[in-house]
Amino acid sequence: MARVIIRSLNKKFDGVHAVKDVNLEIHDKEFVVLVGPSGCGKTTTLRMVAGLESITSGEILIGDRVVNELPPMDRDIAMVFQNYALYPHMSVYDNMAFGLKMRGFDRIEIANRVQVAAEILGIQEQLQRKPRQLSGGQRQRVALGRAIVRHPQVFLFDEPLSNLDAKLRIQMRVEIKKIHVRLGTTAIYVTHDQVEAMTLGDRVVVMKDGVVQQVGEPLELYNEPANRFVAGFIGSPAMNFATVEVANADGALWARHEGIRIKLPARIADRLRRYLGEKVTLGIRPEDLRVASSSDTADLSFDSVVEVIEKLGSEILLDVKVGPNTMVAAVEPTVKAKIHDRLRLALDPDRLYFFDGTSQAAI
Amino acid sequence: MAAESVVAAKSYTAAPRRGAVTRVLENERWFAFFLLLPTAVLLGLFMAYPFIKGVMLALSDAKVGVPGSFVGLQNFTALLNDSIFRTAVWNTIVYTAVTTVFKLALGLWLALLLNRHFRGKAVTRAFVLLPFIIPTVLSTFAWKWMFDPTFSVINWTLFHLGIIRTRINWLSDPGLALISVIIVNIWRGVPFYAISLLAGLQTVNPELAEAAAIDGARPWQRFRYITWPLLLPVTMVVVLFSVIQTFADFQLVYVLTGGGPANATQLFATYAYQIGVGTGLLGQGAAISLAMFPVLLVVVVVQLLYIRRVEIH
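Protein chains in written order, with full-length UniProt numbering: chain A, 1 to 363; chain B, 1 to 313.
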């Protein structure tokens, strides 16, 4: 068990700067998730930690050792691959035992460790089978088992669940979490799925174009996104955005745009005052919109036209048109709305997000 | 269901009358027969007929210009007492065994190198195939010049490097002739191994090697425990093809030495040619060619069984 420190890490492939100046400290026993769209550099970062990719510049420490020049086998890590990467010609037992054999463990110790891992994962019955005789979920368990038996300092996961169907993915997600709680091994987990990131991570690292956008606990990312990208990436359905102008009228600040006219509460107004007369991006989460009642003031609500209705059971998603903008509102399942209905939506003034029009950083 | 079949039957009877040929072709068995016919005719004409004719020749005392009569196994018993034939058998076994080992080792090494990422990979791969693409007769003539005692570039190089003081008679020294022929065969055969094994290597998921590296396997162990077992089925097929071709090799030896000096490079095929065509003893020549058959059959059966076993496990 160990902490992992990444300092000013860079990776360039033939002119493409894939990872830019990444700094990260992963504490001992922490589960950190790297998340971002494809091509954001998250897998490359993980592969550099694993030693499968050379480092262009920067430093990686596992435990207190700089591992830049160490080959993968000397880094004391275990990795779970997206496509499992099980040795097809070996039985499940041999797949799990391989790493221990290579490290010269004696036979009894190997058998014990494999047995314990197989019990944790519920694959005792499959030990003599070949990988191709297993289902996707079972294969992923074997891949996890291969990592567990090693008792490594760090677990690395490279999108391990993306080849599984939705139901199995949720099940395995819970199991990975349980295993981490049980073993307490430091883990770095790469995924493009923000739900996986939010549910698994003690902390989540959001990346885009090789740059770390924000590092934080899941709810911190959700409630206080550092910029427009994080705000749009974290949360489902995604945050609604609209370009608004900050205007001064009747002794208060207003965010104005076609179809939208919101009076800004004093707390936000202070921060937005220097943008007076400028355009900024307004962000509203779908779940922070609701159908307005007669008690809602006109200052904190706006008119919309319903375009699409998605009934999910626990909630209804309304795709609505607000002036020229399209927005999504997640409303109570009891709301009765029809396509083309005019609907007044109210918002929570404490849950409005504003982003700088050019830098896109949170205001 | 019932209604459907009634409708179908009606439409069937209502169909226009068809000719006799169409009716025959609608029978699947006949249709299959007609589809297979061209292949069967070609195989029969160019494979089965020559083979049967060869067997019949081998059992006769036919010579050029003389149809000959049936003599039973007389040609074969004569071969048992033929010391040149025994030499040819031994040479063929040595030739095949030595070249196969070297071709496999060098081909595998080359394939592993070519499987890495480097600049100019595609061009290098194309170049590697050259010995295989050039017609054997042409490249062998080039080698013949290189082995020529007077003009030999090999001798010239060795001489100027100070390694030798006198000319080496590569092809006329009975001890060196077989080695020379083996060298040329290896040179010609390595590309086939390299490219085939490279194709095999590319079907091995590179993630497996990465997983093994993380599992603690050193490069040699990764090859030994991961790459080699996964490459084995392809390797067996490649070796099978190569052994068959090498065992029956003719043109290379024919051009370089003609089987000489003093039968030092005589192989099955060259000896069969010499007796059958050179001397005109068609029956004897056919018997020599046919003597290869059981050996090759055993090789093929053993290897095919092995490949099946590998595939099952």
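From the three backbone atoms N, C-alpha and C, an ideal C-beta is built for every residue, glycine too.
From a predicted model like this one, the values you see are computed outputs, not experimental measurements.
Partner residues on chain B for Gly99 of chain A, Cβ-Cβ distance less than 7 Å: Reading the first sequence from its first residue, position 99 is the one you call residue 99 of chain A. Per Cβ cutoff of 7 Å: Asp215, Gly216.
Interface residues of chain A facing Pro229 of chain B [CB-CB closer than 8 Å]: The residue labelled residue 229 of chain B in the question sits at position 229 within the second sequence. Within 8 Å Cβ-Cβ: His89.
In chain order, each beta strand (DSSP E) run of at least 3 residues that lies wholly inside the region 67-128 of chain A: 77-80
For Thr39 of chain B, the first and last residue of its enclosing alpha helix (DSSP H): For this step, residue 39 of chain B is matched to residue 39 along the second sequence. Here the alpha helix (DSSP H) through Thr39 of chain B covers 28-43.
Strand pairing of Ala361 of chain A, partner residues [DSSP]: In the first sequence, residue 361 of chain A corresponds to position 361, counting from 1. Paired residues: A:Asn227.
Phe105 of chain A to Lys177 of chain A span [Cα, whole Å]: Your numbering for residue 105 of chain A matches position 105 in the first sequence. Your numbering for residue 177 of chain A matches position 177 in the first sequence. Using only the alpha carbons, I get a separation of about 28 Å.
Proximal residues of chain B, C-beta to C-beta of Ile77 of chain A below 7 Å: Walking along the first sequence from the start, residue 77 of chain A turns up at place 77. Ile214, listed in chain order.
Three-state secondary structure (DSSP) of Gly283 of chain A: Stepping through the first sequence from its first residue, residue 283 of chain A is reached at position 283. Reduced to three states, the DSSP call for Gly283 of chain A is strand.
Per-residue burial, Val174 of chain A [other beta carbons within 10 Å of its own, 16 or more giving buried]: Taking the first residue of the first sequence as position 1, residue 174 of chain A is located at position 174. Counting Cβ neighbours within 10 Å, Val174 of chain A comes out exposed, since fewer than 16 surround it.
Exposed unless 16 or more other CB atoms sit within 10 angstroms - verdict on Thr270 of chain B: As a working mapping, residue 270 of chain B is identified with position 270 in the second sequence. So Thr270 of chain B ends up on the buried side.
Three CB pairs or more closer than 8 Å across the region 188-197 of chain B and the region 60-79 of chain A: no
Minimum C-alpha distance to Phe355 of chain A - residue among A:Leu318, A:Val322, A:Leu312, A:Tyr275: Numbered from its first residue, the first sequence carries residue 355 of chain A at position 355. When each option's Cα is compared against that of Phe355 of chain A, the closest is A:Tyr275.
Local conformation of Ser304 of chain A per DSSP, three classes: The residue given as residue 304 of chain A occupies position 304 in the first sequence. If DSSP states are grouped into helix, strand and coil, Ser304 of chain A belongs with the strands.
Pairwise C-alpha distance: Asn91 of chain B and Gly276 of chain B: As a position in the second sequence, residue 276 of chain B is number 276, starting the count at 1. As a position in the second sequence, residue 91 of chain B is number 91, starting the count at 1. Distance between the alpha carbons of Gly276 of chain B and Asn91 of chain B is about 19 Å.
Among A:His192, A:Ala255, A:Lys321, nearest to Ser38 of chain A - alpha-carbon criterion: Position 38 of the first sequence, counted from the start, is the residue given in the question as residue 38 of chain A. Taking only the C-alpha atoms, the option nearest Ser38 of chain A is A:His192.
CA nearest to the CA of Leu106 of chain B, picked from B:Leu198, B:Leu297, B:Ala286: Numbered from its first residue, the second sequence carries residue 106 of chain B at position 106. Of B:Leu198, B:Leu297, B:Ala286, the residue nearest in Cα terms is B:Leu198.
Straight-line gap, Leu100 of chain A to Leu183 of chain A (C-alpha atoms, nearest Å): Position 100 of the first sequence, counting from 1, holds the residue named residue 100 of chain A. Position 183 of the first sequence, counting from 1, holds the residue named residue 183 of chain A. Near 18 Å, if we compare the C-alpha coordinates of Leu183 of chain A and Leu100 of chain A.
Residue-chain proximity (Glu207 of chain B, chain A), Cβ-Cβ < 8 Å: Walking along the second sequence from the start, residue 207 of chain B turns up at place 207. Yes, Glu207 of chain B lies at the interface with chain A (some Cβ there is under 8 Å from its Cβ).
Inter-residue spacing [alpha-carbon to alpha-carbon] between Leu34 of chain A and Glu25 of chain A: Reading the first sequence from its first residue, position 34 is the one you call residue 34 of chain A. Reading the first sequence from its first residue, position 25 is the one you call residue 25 of chain A. The straight-line gap from Cα to Cα measures roughly 13 Å.
Continuous beta strand (DSSP E) stretch holding Lys12 of chain A: start and end: By one-based count along the first sequence, residue 12 of chain A stands at place 12. Residues 4-13.
Cβ of Arg103 of chain A within 8 Å of any chain B Cβ: By 1-based counting over the first sequence, the position of residue 103 of chain A is 103. By this cut-off, Arg103 of chain A is an interface position.
Identity of the residues DSSP links to Val246 of chain A by a beta bridge: Counting from 1 along the first sequence, the entry for residue 246 of chain A is found at position 246. Bridge partners of Val246 of chain A: A:Ala255.
Cutoff 6 Å; reference Ala361 of chain A; Cβ partners in own chain excluding five residues on either side: On the first sequence, residue 361 of chain A is found 361 positions in, with the first residue counted as 1. Same-chain partners within the cutoff: Asn227.
Member of B:Phe268, B:Tyr306, B:Leu304 whose CA lies at the smallest distance from the CA of Ile84 of chain B: Counting from 1 along the second sequence, the entry for residue 84 of chain B is found at position 84. The shortest Cα separation from Ile84 of chain B among B:Phe268, B:Tyr306, B:Leu304 belongs to B:Phe268.
Enclosing beta strand (DSSP E) for Asn325 of chain A [first to last residue]: For this step, residue 325 of chain A is matched to residue 325 along the first sequence. Residues 325-331.
Residue-level contact to chain A via CB, Ala3 of chain B, 8 Å cutoff: The residue given as residue 3 of chain B occupies position 3 in the second sequence. Residue placement at Ala3 of chain B is poorly supported in this model, since its pLDDT is 47, which falls under 50; the coordinates still yield a value, given next. No, Ala3 of chain B lies away from the interface with chain A (no Cβ there is under 8 Å from its Cβ).
Distance CB(Leu171 of chain B)-CB(Leu252 of chain B) smaller than 8 Å: Numbered from its first residue, the second sequence carries residue 171 of chain B at position 171. Numbered from its first residue, the second sequence carries residue 252 of chain B at position 252. In this structure, Leu252 of chain B does not lie closer than 8 Å to Leu171 of chain B by Cβ.
Contact list for Met48 of chain A against chain B, beta-carbon separation under 8 Å: What you label residue 48 of chain A is simply residue 48 of the first sequence in a count that begins at 1. Those within 8 Å of Met48 of chain A in chain B number zero; the least Cβ separation is about 13 Å.
Rounded distance between the beta-carbons of Gly283 of chain A and Asn240 of chain A, thought under 8 Å: Your numbering for residue 240 of chain A matches position 240 in the first sequence. Your numbering for residue 283 of chain A matches position 283 in the first sequence. Sure, about 7 Å apart at Cβ, within 8 Å.
Cβ neighbours of Ser8 of chain A in the same chain (closer than 8 Å, five flanking residues each side left out): By one-based count along the first sequence, residue 8 of chain A stands at place 8. For Ser8 of chain A, where only same-chain residues beyond five positions count, the Cβ hits under 8 Å are Asp21, Val22, Asn23, Ser57, Gly58, Glu59.
Validate contact between the region 140-157 of chain A and the region 89-100 of chain A using beta carbons, cut 8 Å, 3 pairs: yes
Three-state secondary structure (DSSP) of Arg125 of chain B: Here residue 125 of chain B refers to the residue found at position 125 of the second sequence. Of the three classes helix, strand and coil, the one that applies to Arg125 of chain B here is helix, per DSSP.
The region 147-162 of chain B touching the region 61-70 of chain B, judged by at least three CB pairs closer than 8 Å: no
Contacts of Ala122 of chain B in chain A (Cβ-Cβ under 9 Å): Locating residue 122 of chain B in the second sequence gives position 122, where the first residue counts as 1. Near Ala122 of chain B there are no residues of chain A at all, since even the closest Cβ is about 16 Å away, more than 9 Å.
Per DSSP, the bridge partner or partners of Phe155 of chain A: In the first sequence, residue 155 of chain A corresponds to position 155, counting from 1. According to DSSP, Phe155 of chain A bridges with A:Ala78, A:Ala187.
Where Arg119 of chain B falls: helix, strand or coil (DSSP): Translated into positions along the second sequence, residue 119 of chain B becomes position 119. The answer is coil: DSSP assigns Arg119 of chain B none of H, G, I, E or B.
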